[in-house]
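Okay, structure first, notes after.
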Amino acid sequence: MAENSILLAAVSVLSVCQQGYFAAQVGKARLKYKVTPPAVSGSLEFERVFRAQQNCVEFYPVFLLTLWMAGWYFNQVSAACLGLVYIYARYQYFWGYSEAAKKRVAGFRVSLGILALLTVLGTLGIANSFLDEYLDLNVAKKLRHF
-18 MAENSILLAA VSVLSVCQQG YFAAQVGKAR LKYKVTPPAV SGSLEFERVF
32 RAQQNCVEFY PVFLLTLWMA GWYFNQVSAA CLGLVYIYAR YQYFWGYSEA
82 AKKRVAGFRV SLGILALLTV LGTLGIANSF LDEYLDLNVA KKLRHF
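Spelled out as structure tokens, the structure:
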């Protein structure tokens, strides 16, 4: 099974590295703006960096679940490519938000769109697998014959 999921695993590892990078940026901001733990408020600049990282953490489980479901049940290559776009959008979101709250919007919208698309692809793949397993109806095969 592992060799069949290498792209999903690679994107997942890359996303873990990104989460670590974002956390390190919060640590740097704490030093720069003199906000000692456990405080999470201080200057507006620190709060933007902190909120950007927290938002990325909040969406992370949704990303991983939809990435793997779309990859396993729909198509691994499509899911992995969308995962890379999501990682880039989150990078844009993080740095946009860190600079100014209004600059976060574009990255946020793209990342939400990718999550929605991964959800749809995963749902379609699961539905096809369900129909094939329990009703002996493989919609994907039927569509390929068109």
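Going by this note's numbering, the sequence shown opens with residue -18, and the numbers climb by one from there.
We put the CB at the ideal spot given by N, CA and C, even for glycine.
For this session: Answer yes if the segment 45 to 62 comes into contact with the segment -2 to 16, meaning at least three C-beta pairs across the two stretches below 8 Å, and no otherwise.
Result: no
Exercise. In whole angstroms, what separates the C-alpha of Tyr69 from that of Trp53?
Worked result: Taking the first residue of the sequence shown as position 1, residue 69 is located at position 88. Taking the first residue of the sequence shown as position 1, residue 53 is located at position 72. If you take the alpha carbons of Tyr69 and Trp53, they lie about 22 Å apart.
Exercise. Does DSSP put Pro18 in a helix, a strand or coil?
Worked result: Here residue 18 refers to the residue found at position 37 of the sequence shown. Coil.
Exercise. Is DSSP giving Gly23 helix, strand or coil here?
Worked result: For this step, residue 23 is matched to residue 42 along the sequence shown. If DSSP states are grouped into helix, strand and coil, Gly23 belongs with coil.
For this session: Could you spell out where the alpha helix (DSSP H) holding Lys123 opens and where it closes?
Result: Here residue 123 corresponds to residue number 142 of the sequence shown, with the count starting at 1. From DSSP, the alpha helix (DSSP H) with Lys123 extends over Val120 to Arg125.
Problem set entry | Through-space distance from Asn109 to Leu124, alpha-carbon basis | In the sequence shown, residue 124 corresponds to position 143, counting from 1. In the sequence shown, residue 109 corresponds to position 128, counting from 1. Distance between the alpha carbons of Leu124 and Asn109: 11 Å.
Exercise. When we look at the beta-carbon of Ile95 and count the other beta-carbons within 10 Å, is it buried (16 or more) or exposed?
Worked result: In the sequence shown, counting from the first residue as 1, residue 95 sits at position 114. Classification of Ile95: buried, given that the 10 Å Cβ count is 16 or more.
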